[in-house]
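In our numbering, the protein residues as written are 10 to 607.
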């Protein structure tokens, strides 16, 4: 059965490798013009081989004359890091699902908050930020990236270890459910690296014999991760076929000395996994394609044109500085002996014109106009202006909301794909590793009992948009008078707003709390707060509604206060004179039995 697994891996790798080859020329152009600093470049490898590629040579800068694209790629990758997975910031959380009883939610929420803090601390102590930034650079440049997540050795600062996989080592394919979870990684390792990577593997005798003669010898190794439905059954230690986990994966590491010959290949390790250690994700994809497409690919014609315009402009500038000279062939002037230095005397024949300058044909002003337009289109294609810092250092509340809406519109589709292909597998894989290490409770994040919530800046922008939408409705209801305000469940709306904006669960008073605790909170809230220049601080110190208070009056005050804060005003102003386009927290939507979302 081991030989059958090797043959299955080689056959699927060869088919996926053939579909990868047509993309390599396009990737090479993208890296040469947008990310020349990357040491690994795409190389097809030997003809007919199963190698995914080799890392060839140092980075090349001799063909790059315009730096607009490399600068825009760096800025877009940094924006993705800051908006999706900001370092040292809580960008995801765990929440009680709709199947949890309301009476149990406070206790479950406290437990899940602690678990999320443990997981976030493991991310912060690991090398996640360094490696994921490299992946975002590959994603923006080539459209496809891969991040390996494995358990770190015991005693490491974090239980998680991340590795950004270069595109030169990867061959990818889609599984039966059209997810990009068929992964092949080809690289060359020495004997010491083989033993460090797979300490329990049986190293072939030919490898150890050659290693004694050549200390720096390396052998091709192919790592494969296939969905269980695509792989042959794997034997357990007793020799009987292992029952593969439903929806699980088969992992195989193979020494491949003859580059694709299954007869000479040796299986180093085989295993069954519940989750794939390789997280493969794409910027966008066309129907029927496996590999992703990048914004650099879209802007590549303009990038090449701008690069050529700068090259020609520099050549024209050198001509304008040094000049091109012409002289009559009068038998006196010898161009080989002429040096254009100060004080030089150049002889000429009687009646000849001597050296005369040749006028440069280029027009610098025209090239500048063309280059300015090209650079603007490159920056627009790479979202530099949309995601970069604002032009004005001071923005009103309305401008902030409009900019957040524009960011959500630009990155909405991309964020949806990254959440499905990257963030969801990333968090599930990390939770599986930490549960196996005993660092967190054994809870299944299934969307019904436990939900996974993203709290990155981009997700918070969407939450603010939800609050703003409800604010428009609440503002319209306020105009209807007390009868309209009676439709708002104010305490429930306040709790929903807190959960939507990511307020910690222990700061939100649930509906089942005792009146004594509520009265104590009201008494503390009614204490006159100290003056503060921060409107958010004043809002946090605003008095809560007493249990016997009129809900209509309290909703009116809450609507006015929240509207003023979203518009940049100070709390306590007259609600009737505030801007009608403000936001108020909305009532919590009811659980949906079909999708399991709240």
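We treat Cβ as the ideally placed atom computed from N, Cα and C, and that holds for glycine.
Per-residue burial, residue 442 [other beta carbons within 10 Å of its own, 16 or more giving buried]: buried
Quiz prompt | Rounded separation between residue 29 and residue 447 - CA only | solution = 40 Å
key: Supposed contact pair residue 192 and residue 176 - C-beta distance, whole angstroms, cut 8 Å   = Not confirmed; about 13 Å, so no contact.
What are the boundary residues of the beta strand (DSSP E) that residue 194 is part of? 191-199
Next item on the list: Please name the residue, chosen from 393, 113, 110, 34, that lies closest to residue 84 on a Cα-to-Cα basis.
Entry: 393
Identity of the residue in 31, 12, 98, 16 nearest residue 467 by Cα
98
- Just checking my contact of residue 430 with residue 290 at CB under 8 Å: how many whole Å lie between their CB atoms? 4 Å
task = Please name the residue, chosen from 78, 19, 14, 71, that lies closest to residue 609 on a Cα-to-Cα basis.
result = Since the first residue shown for the chain is 10 and the last is 607, residue 609 is missing from the structure and cannot be characterised.
With distances taken between CB atoms, is the gap from residue 180 to residue 47 smaller than 9 Å?
no
Practice prompt. Could you round the C-beta distance between residue 485 and residue 509 to whole angstroms and report it? I think they count as a contact, below 8 Å.
Written response: 20 Å between Cβ atoms; not a contact.
Check your understanding: What number of angstroms, rounded off, separates the C-alpha of residue 608 from the C-alpha of residue 299?
Key -> Outside the displayed range of the chain (10 to 607) lies residue 608, so it cannot be described from this structure.
**OP:** Along the beta strand (DSSP E) that carries residue 428, what are the first and last residues, could you check?
**Re:** Counting along the chain, residue 428 falls outside any beta strand (DSSP E), and DSSP gives it neither H nor E.
| said: Only counting the same chain, and skipping five residues up and downstream in sequence, which positions put a Cβ closer than 7 Å to that of residue 81? | reply: 387, 388, 391, 393
Proximal residues to residue 115 (C-beta, below 6 Å), its chain only, five neighbours per side dropped: 519
- Item | Span of the beta strand (DSSP E) around residue 346 | Unbroken run through residue 346: none, as it is neither H nor E.
Please report the straight-line C-alpha distance between residue 130 and residue 459, rounded to a whole angstrom. 20 Å
message = Threshold first: 4 residues or longer. Then list the alpha helix (DSSP H) segments lying entirely within the stretch 126-180, N to C.
response = 137-151
Quick one: is residue 571 buried, meaning 16 or more other Cβ sit within 10 Å of its Cβ, or exposed? Its pLDDT being 47, under 50, residue 571 is placed unreliably in this model, and the coordinates cannot settle the point.
| field | Buried or exposed by the 16-neighbour rule on C-beta atoms within 10 Å, applied to residue 218 | value | exposed
Endpoints, the beta strand (DSSP E) within which residue 334 is located
333-335
- Message: With a threshold of 7 Å on Cβ separation, who are the neighbours of residue 94 within its own chain once the five nearest residues in sequence on each side are excluded?
- Response: 100, 141, 465
| Can residue 335 and residue 293 be called in contact, C-beta distance under 9 Å? | no
| request: Could you name the residues of the same chain whose beta carbon sits closer than 7 Å to that of residue 16, not counting the 5 residues immediately before and after it, in chain order? | output: 271
Query raised in the report: Where does the unbroken beta strand (DSSP E) through residue 5 begin, and where does it stop?
Result: With the chain covering only 10 through 607, there is no way to say anything about residue 5.
What are the start and end residues of the beta strand (DSSP E) that includes residue 287? 287-291
- Item | Three-state secondary structure assigned by DSSP to residue 279 | strand
### Proximity of residue 263 and residue 282 at Cβ, strictly below 9 Å
no
Q: Note down the Cα distance separating residue 118 from residue 135, rounded to an integer number of angstroms.
A: 26 Å
Where the alpha helix (DSSP H) through residue 482 begins and ends: 466-487
Taking the beta strand (DSSP E) that residue 101 falls in, what are its first and last residues?
101-105
Have a look at 35, 21, 20, 23 and flag the residue whose alpha-carbon is nearest the alpha-carbon of residue 301.
35
By the three-class DSSP mapping on this structure, what secondary structure does residue 302 have? strand
* To do: Would you kindly work out how many angstroms separate the C-alpha atoms of residue 418 and residue 395, rounded to a whole number?
  => 10 Å
- Going by DSSP, name the residue or residues bridged to residue 365. 335
Look up residue 229 in the DSSP assignment and say whether it is helix, strand or coil. strand
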